[in-house]
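Asker: Quick note on the UniProt record's numbering: the sequence shown kicks off at 1 and runs consecutively. Cβ coordinates follow ideal geometry from the N, Cα and C atoms, glycine included. Note that this is a predicted model, so its numbers are computed, not measured.
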Amino acid sequence: MGAGLLANAVCQSLDALLNSRFREQARSHIGSICIHKTAGVMTLILGIDPGSRITGFGVVQHTPRGCIYVASGCIRTGAGELAERLQIVYRGVREVIQTYGPVTMGIEKVFMAKNADSALKLGQARGAAIVAGAEEGMEIAEYTATQVKQAVVGTGAANKEQVQMMVMHMLKLTSKPQIDASDALAIAICHAHTRSSLLPHGLGTARSRGGRLRL
1 MGAGLLANAV CQSLDALLNS RFREQARSHI GSICIHKTAG VMTLILGIDP GSRITGFGVV
61 QHTPRGCIYV ASGCIRTGAG ELAERLQIVY RGVREVIQTY GPVTMGIEKV FMAKNADSAL
121 KLGQARGAAI VAGAEEGMEI AEYTATQVKQ AVVGTGAANK EQVQMMVMHM LKLTSKPQID
181 ASDALAIAIC HAHTRSSLLP HGLGTARSRG GRLRL
């Protein structure tokens, strides 16, 4: 099935679940840490580390001098049915976008998982997050874990703890973000660096033309 058909299928299945009960459930599962918000005009970038149980998110402001921390946290879905958990991811990502107003989103690609079932659920969580971003008119780019590690640490072989420490250093954080949130911030930083290199060549507007950046 093509990416467009898959996105439409996920969107239709999620829309069928939209009701007041799940709206409140999605809201209650978003935990954010907001240390720094910058006044004035901002170019805000959202990073998403998808998961069917925990989806990390991170928002940074990209400036000529680097990235500034805005917010991060986790969307926790609990132990409900898969359809309910996907709906929480979908609504949670939309709420983050509506709360902080990022203009573009980076999300991690599915590369490997413990088993086929885990890979399928992770792919579905990614689909829910991508549809949420598309619904909000976001420019969306996808990155492998290796690309993110290379951009943040300088080596694609870095472990999660090394990524976490570099995220803290680059964003001048005084405490460690939760691992899923740290990974999401790393994705946002990677997207900020990649996007800034593409924009001068006119390659940073794929979403507004109906597609997704595949990097």
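I'd like to check one pair, residue 181 with residue 226: are the Cβ atoms closer than 8 Å?
Answerer: No answer is possible for residue 226: it lies beyond the span of the chain, which begins at 1 and ends at 215.
Asker: At the level of alpha carbons, what is the spacing between residue 82 and residue 109?
Answerer: Answer to the nearest angstrom: the Cα atoms are 20 Å apart.
Asker: Which of the three DSSP states is assigned to residue 166 in this structure?
Answerer: In the structure shown, residue 166 sits in a helix (DSSP, three-state: H, G or I).
Asker: If residue 104 sits next to residue 191, beta carbons under 8 Å apart, how far is it from one beta carbon to the other, in whole angstroms?
Answerer: So it is a contact: roughly 7 Å between Cβ atoms.
Asker: With burial defined as no fewer than 16 other Cβ atoms inside 10 Å of the residue's Cβ, what is the status of residue 62: buried or exposed?
Answerer: Per the 10 Å Cβ criterion, buried.
Asker: Just to confirm, is the Cβ distance from residue 194 to residue 141 under 8 Å?
Answerer: Yes, they are a contact pair.
Asker: Would DSSP call residue 76 helix, strand or coil?
Answerer: Looking at residue 76 - three-state DSSP - the assignment turns out to be strand.
Asker: Suppose the cutoff is 7 Å on Cβ atoms and the five residues either side in sequence are ignored; what does the same chain contact list for residue 166 look like?
Answerer: Once the five neighbours on either side are set aside, the close Cβ partners of residue 166 are 152 and 153.
Asker: Helix, strand or coil: how does DSSP classify residue 178 here?
Answerer: Reduced to three states, the DSSP call for residue 178 is coil.
Asker: Quick check on the burial criterion: 16 or more other C-beta atoms within 10 angstroms. Buried or exposed for residue 72?
Answerer: When all chains shown are included, residue 72 counts as buried.
Asker: Out of 164, 119 and 97, which has the shortest C-alpha to C-alpha gap to residue 139?
Answerer: Residue 97 is the option with its Cα nearest to residue 139.
Asker: Along the chain, where does the beta strand (DSSP E) that runs through residue 141 open and close?
Answerer: Per DSSP, residue 141 belongs to the beta strand (DSSP E) from 139-143.
Asker: Drop a sphere of 10 angstroms on the beta-carbon of residue 172, count the other beta-carbons inside from all chains shown, and report buried for 16 or more, exposed for fewer.
Answerer: Residue 172 is exposed by the Cβ-count criterion.
Asker: Would you mind stating whether residue 100 and residue 148 have Cβ atoms separated by less than 8 Å?
Answerer: No, Cβ-Cβ distance for residue 100 and residue 148 is not below 8 Å.
Asker: Where does the unbroken beta strand (DSSP E) through residue 55 begin, and where does it stop?
Answerer: Run containing residue 55: 54-63, per the beta strand (DSSP E) assignment.
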